[in-house]
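In this note's numbering, the protein residues as written are 2 to 302.
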Amino acid sequence: MLTVLAAGSVFFPGLFLLSKQCLKSFPALRWSERDAVIVSARLVSSVQAVMASSAGYIIASSCKEVLEDKHWLTSTYIMFAVPYFVYDIYAMFVCYWYKIQVKGHEEAVPRLTSSALTSYLRREFLMVLHHVVMVTVCFPISVFWRQGKGDYFQGVMFMAELSTPSVCLGKILIQYKQQHTLLHKVNGALMLITFFICRVLLFPYLYYVYGRYASIPFYVVPLSVPWYCNLGAGLLMAPQLYWFSLICRGALRLFTGNSRSRICPGTSATPKEQQQTDDTALPQPANGYSTRPTESELTTH
Numbered sequence: 002m003l004t005v006l007a008a009g010s011v012f013f014p015g016l017f018l019l020s021k022q023c024l025k026s027f028p029a030l031r032w033s034e035r036d037a038v039i040v041s042a043r044l045v046s047s048v049q050a051v052m053a054s055s056a057g058y059i060i061a062s063s064c065k066e067v068l069e070d071k072h073w074l075t076s077t078y079i080m081f082a083v084p085y086f087v088y089d090i091y092a093m094f095v096c097y098w099y100k101i102q103v104k105g106h107e108e109a110v111p112r113l114t115s116s117a118l119t120s121y122l123r124r125e126f127l128m129v130l131h132h133v134v135m136v137t138v139c140f141p142i143s144v145f146w147r148q149g150k151g152d153y154f155q156g157v158m159f160m161a162e163l164s165t166p167s168v169c170l171g172k173i174l175i176q177y178k179q180q181h182t183l184l185h186k187v188n189g190a191l192m193l194i195t196f197f198i199c200r201v202l203l204f205p206y207l208y209y210v211y212g213r214y215a216s217i218p219f220y221v222v223p224l225s226v227p228w229y230c231n232l233g234a235g236l237l238m239a240p241q242l243y244w245f246s247l248i249c250r251g252a253l254r255l256f257t258g259n260s261r262s263r264i265c266p267g268t269s270a271t272p273k274e275q276q277q278t279d280d281t282a283l284p285q286p287a288n289g290y291s292t293r294p295t296e297s298e299l300t301t302h
């Protein structure tokens, strides 16, 4: 198990560094450090999501008895993926650091790393808290406390990551100001659907499956399982509902054309003035979530 943990500790940061170097070095690309860092972070998140979803599908499809059946990949992938959440906290900070280095907004850039870190933690508190809980609470529960039971449920939870690639693509499209493209709208619709199915409906589905297993009605399941199961499900479900609400607000603005970037009727702006507006806009959160009423709310993770 320690070998698998070490492999994950090398794989995710290594993939990030390799991707960044390739984006900067390839003659056809020659991307800046800032762009290479931000896109590489999105790439690593997408790779992890594909791996987790694939592992989850293999596990769930292999467990015919939802509570007692076991699959070796369950604990193995948990051990492999834990370092990702530690790495991603750092990667989000690096993305945030580069995002605040925008032209015309230098006065708002924290001068010290400690100040930037404080600003980052304040802005990305919910996402950082989510990652910390995954490492300090969900990891020991999944590997040790459940004693090998419920691999099917663990596999289904892995598949919640299926929504992440569309989230990452949305962030990249907004980074390069492609909100007006058909690809952005199609990706936004896909993200809305996958997030709803894979994250919002996740725990209701797990409760439904357990109800069928125990031969009890769906509405009785919360009264039949231990209280700590309901507490854990509620705590994990709450941020998903919050983030989904941001996605819905962003989707509404995207598909109704109500965007902050649209110039109001009766006003005019030269391309240079519009560019200055884009350059001085405050950076989006590193994880893509935003409580601001902008089109970029559709890029939540």
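For each residue, glycine too, the CB sits at the ideal point set by N, CA and C.
Quantities reported herein were computed from a predicted structural model and do not represent experimental measurements.
Please report the distance separating the alpha-carbon of residue i from that of residue j.
i, j, result
"N188", "V67", "33 Å"
"P223", "F145", "23 Å"
"G9", "S55", "16 Å"
"V157", "L163", "11 Å"
"A92", "R147", "31 Å"
"A53", "I60", "10 Å"
"S62", "A117", "45 Å"
"H132", "Q49", "14 Å"
"S115", "R123", "12 Å"
"K186", "Y97", "25 Å"
"A7", "C23", "24 Å"
"G235", "F12", "32 Å"
"R213", "F154", "13 Å"
"Q241", "V201", "6 Å"
"A42", "S216", "44 Å"
"P141", "W73", "17 Å"
"L19", "H181", "31 Å"
"F305", "L44", "An answer regarding residue 305 cannot be provided, because it is not within the stretch 2 to 302 covered by the chain."
"I90", "K25", "23 Å"
"T165", "Q102", "26 Å"
"I264", "Y88", "Its pLDDT being 39, under 50, I264 is placed unreliably by the model, and the measurement read from it follows with that caveat. Near 40 Å, if we compare the C-alpha coordinates of Y88 and I264."
"L232", "R31", "49 Å"
"S33", "K150", "48 Å"
"L183", "Y177", "14 Å"
"Y58", "Q179", "33 Å"
"F126", "V83", "19 Å"
"I79", "V136", "10 Å"
"L193", "L174", "16 Å"
"S167", "T119", "29 Å"
"G251", "V40", "22 Å"
"Y85", "L247", "25 Å"
"G171", "L3", "35 Å"
"L16", "P28", "20 Å"
"P14", "C139", "22 Å"
"S143", "Y206", "19 Å"
"A190", "E69", "37 Å"
"K71", "V51", "22 Å"
Would you please state the rounded distance, in angstroms, between the beta carbons of residue i and residue j? I believe it to be under 8 Å.
i, j, result
"Y208", "F219", "6 Å"
"C169", "S46", "5 Å"
"V129", "V38", "Going by Cβ atoms, the distance from V129 to V38 rounds to 18 Å, so no, they are not a contact pair."
"Y211", "V226", "7 Å"
"V5", "T77", "6 Å"
"F204", "M160", "At roughly 13 Å, the Cβ-Cβ gap does not stay under 8 Å, so F204 and M160 are not in contact."
"C249", "D152", "Not quite, the Cβ-Cβ distance comes to about 33 Å (not below 8 Å), so this is no contact."
"F304", "F256", "The question about residue 304 has no answer, for the chain in this structure spans 2 to 302."
"R35", "Y99", "4 Å"
Between which two residues does the alpha helix (DSSP H) holding residue i run?
i, result
"L232", "228-257"
"E162", "Looking at the DSSP string, E162 is not in any alpha helix (DSSP H), and its letter there is neither H nor E."
"W73", "73-100"
"A215", "203-215"
"R21", "Going by the sequence as given, residue 21 is Lys instead of Arg. K21 -> alpha helix (DSSP H) spans 3-26."
"K186", "183-196"
"G57", "34-63"
"S115", "114-124"
"V222", "222-225"
Shorter than 9 Å from the beta carbon of residue i to some beta carbon of chain B?
i, result
"W32", "The question asks about chain B, but that chain is absent: this structure has only one protein chain."
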